[in-house]
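First residue of the sequence shown: 7, per the working numbering; consecutive thereafter.
Beta carbons: idealized from backbone N, C-alpha and C, even for Gly.
Let me begin by presenting the structure, written as structure tokens, before commenting on it.
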Amino acid sequence: MPSQLPIPGYARWAYFALGWLFFGLGVLGAFLPVLPTTPLMIVALWAFSRSSATFQRWLYTHRVFGPPLQLWQQYRVIPPTAKLAAVGAMAASLGYLAAFTAAPLALLIVTGGLMLAAAWYILSRPSRPPATERSAP
């Protein structure tokens, strides 16, 4: 868990505020299906790494949010449940946008394209750490 400290002056406070903003959104994402918790926590961890080693360590070792962050940082792994939740939320959001709003077709196409690219990235990441790492004592 490399830290990128020190950051001078007001930038450090801005990163710290950004860390708390994304942490709060990530907590909301644990309860709301349209917000992806793990990506928001990854951004929060990054912001804390630029502002506070204490909060970076706290989030990285958190009982609930720490394990997915550790998997991501060590192996770039996205667990299958997180993949399903992320892709499902994107599909539901696009479906809602298409069915219940007066969004122009161009916006639907651009949004769908961006979501497709994000879904491809998420689904292309490994779902589990390498076998040699899982079987180590």
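With C-beta atoms as the reference, is Arg134 less than 9 Å away from Pro85? It is a contact, given that the beta carbons lie within the stated cut-off.
I'd like the ranges of any alpha helix (DSSP H) spanning at least 4 consecutive residues and lying wholly in the region 58-112. You should have 59-66, 72-81 and 86-106.
Alpha-carbon spacing of Gly35 relative to Val49, whole angstroms: Between Gly35 and Val49, the C-alpha separation is close to 13 Å.
Roughly how many angstroms lie between the CA atoms of Val83 and Ala109, to the nearest whole one? Approximately 35 Å, taken between the alpha carbons.
By the DSSP assignment, the alpha helix (DSSP H) with Leu24 in it spans what residues? That run of the alpha helix (DSSP H) goes Gly15 to Gly35.
Could you give the residue range of the alpha helix (DSSP H) that holds Val40? Run containing Val40: none; DSSP gives neither H nor E here.
Is DSSP giving Ser55 helix, strand or coil here? DSSP places Ser55 in helix when its eight states are reduced to three.
Please work out which residues of its chain come closer than 7 Å, Cβ to Cβ, to Leu46, disregarding the five sequence neighbours upstream and downstream, and give them in chain order. Closer than 7 Å at Cβ, skipping near neighbours: Phe28, Leu31, Gly32 and Gly35.
Between Leu100 and Thr117, is the Cβ-Cβ spacing less than 9 Å? Result yes, Cβ atoms of Leu100 and Thr117 sit closer than 9 Å.
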